[in-house]
Amino acid sequence: MLAIEVENLTKQYGKHFKAVEKASFSVETGEILALLGPNGAGKTTLFKMMTSLSKITAGKVNIMGYDLHKDEYKVKSLIGYSCQEIGLDPESSVLFNMRLFGKYQHIYGDKLKKRVDFLLQLFELKEVENRKVKLLSGGMKKKLEIATSLIAEPKILFLDEPTLGLDIESRKKLWGYIQQLNEEQEMTIILTTHYLEEAEKLCDKLVILESGKIIKQGYINDLKEEVANDLIKINFS
Ligand code: ATP
1288 MLAIEVENLT KQYGKHFKAV EKASFSVETG EILALLGPNG AGKTTLFKMM
1338 TSLSKITAGK VNIMGYDLHK DEYKVKSLIG YSCQEIGLDP ESSVLFNMRL
1388 FGKYQHIYGD KLKKRVDFLL QLFELKEVEN RKVKLLSGGM KKKLEIATSL
1438 IAEPKILFLD EPTLGLDIES RKKLWGYIQQ LNEEQEMTII LTTHYLEEAE
1488 KLCDKLVILE SGKIIKQGYI NDLKEEVAND LIKINFS
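Next up, the structure:
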């Protein structure tokens, strides 16, 4: 079953500049898809349009059979997202931030308590639940960001640059969590990255963007050889 269908998605800024132009791709339920490309390629813009954080100029996004434009409320109940704009409060504790995000998503009382507890255990953050966010390591902060996006039990998870700025060890650990969510909870995951290695390690499908346009897409196993043999040129400057 199709989890996501994106059709001719376009974002225009000003009169002439298209940050994303006619992007079309689809994701099956349970797949992990990476949006890969260098700085400025349009990954975050696509991410924001798909999660309703940014208005669509043209095109369509369909999530589990619901049109994002027509059924925004329903779509929002099916997705969770983690991105830099999701501001954690650095002066408050891990637990406080988790509960706050739960309340934002209309989850309260015992249900919230149980869910927060489950996620803190899952991401091995239980021991630091009373620590202020500003005192967490980069890796812990990333885990917390992802945990906040999972409180309402979404079916589809969107992650914007989930391991950006982390050292290789922390990055590998986070990959483990992402794989676990995908395998054990059958979660469909879309992530943006500019690490080819990350896309190869985690994803079933790859969409490669450059200057707002999709230059290549497909299953990673089919594309691997082309990338390795330099047949697909990605200019990671
Ligand atoms: P990065 O890896 O650096 O985050 P990206 O692939 O996510 O890059 P976007 O952030 O989507 O790229 O940006 C795509 C293009 O759109 C860039 O040229 C950027 O400068 C431009 N852009 C993004 N937001 C705006 C905006 N609000 N107004 C005008 N131009 C914008």
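Everything in the sequence shown is counted per my numbering, starting at 1288 for the first residue and increasing by one.
For every residue, glycine included, the Cβ atom is placed at its ideal position computed from N, Cα and C.
Since this is a predicted model, take the numbers as computed values, not measurements.
Just checking my contact of residue i with residue j at CB under 8 Å: how many whole Å lie between their CB atoms?
i, j, result
"Leu1437", "Leu1406", "6 Å"
"Leu1423", "Leu1431", "7 Å"
"Ile1477", "Ile1350", "With 8 Å as the limit, Ile1477 and Ile1350 do not qualify as a contact, their Cβ atoms being about 10 Å apart."
"Leu1399", "Arg1386", "6 Å"
"Glu1416", "Ser1380", "7 Å"
"Ala1328", "Ala1486", "Wrong, their Cβ atoms sit about 13 Å apart, outside the cutoff."
Using three-state DSSP, classify residue i as helix, strand or coil.
i, result
"Asp1491", "coil"
"Leu1437", "coil"
"Glu1294", "strand"
"Ser1524", "Unreliable positioning characterises Ser1524 in this predicted model, as indicated by a pLDDT of 46, which lies under 50. The coordinate reading is nonetheless provided below. Correct three-state label for Ser1524: coil."
"Leu1568", "As shown, the chain starts at 1288 and ends at 1524. That puts residue 1568 outside it, with no answer to give."
"Gly1389", "helix"
"Asn1349", "strand"
"Ile1507", "helix"
"Thr1332", "helix"
"Leu1451", "coil"
"Leu1340", "coil"
"Gln1408", "helix"
"Lys1459", "helix"
Could you say which of the options lies nearest to residue i if we only look at CA atoms?
i, options, result
"Ser1489", "Ser1311, His1303, Gly1317", "Note on residue identity: the sequence assigns Leu, not Ser, to residue 1489. Of Ser1311, His1303, Gly1317, the residue nearest in Cα terms is Gly1317."
"Ser1341", "Gly1426, His1481, Thr1297", "Thr1297"
"Leu1333", "Asn1295, Lys1357, Ser1364, His1303", "Asn1295"
"Asp1354", "Gly1301, Gly1367, Ser1339", "Ser1339"
"Leu1409", "Gly1327, Ser1498, Gln1466, Lys1309", "Gln1466"
"Asn1538", "Lys1361, Lys1428, Thr1344, Lys1357", "The question about residue 1538 has no answer, for the chain in this structure spans 1288 to 1524."
"Lys1511", "Glu1484, Ile1502, Ile1501", "Glu1484"
"Ile1291", "Ser1311, Tyr1300, Gln1299", "Ser1311"
"Ser1364", "Val1293, Gln1392, Ile1455", "Gln1392"
"Ser1313", "Lys1330, Gly1329, Val1293", "Val1293"
"Ile1433", "Ile1455, Lys1459, Asp1454, Tyr1464", "Tyr1464"
"Met1336", "Leu1323, Pro1325, Glu1359", "Glu1359"
"Leu1323", "Leu1451, Thr1344, Ile1455, Glu1315", "Leu1451"
Test item, CB below 5 Å from any non-hydrogen atom of ligand 1 = Tyr1300, Ala1306, Asn1326, Gly1327, Ala1328, Gly1329, Lys1330, Thr1331, Thr1332
Entirely enclosed beta strand (DSSP E) segments - the segment 1359–1386, minimum 3 residues | 1366–1369
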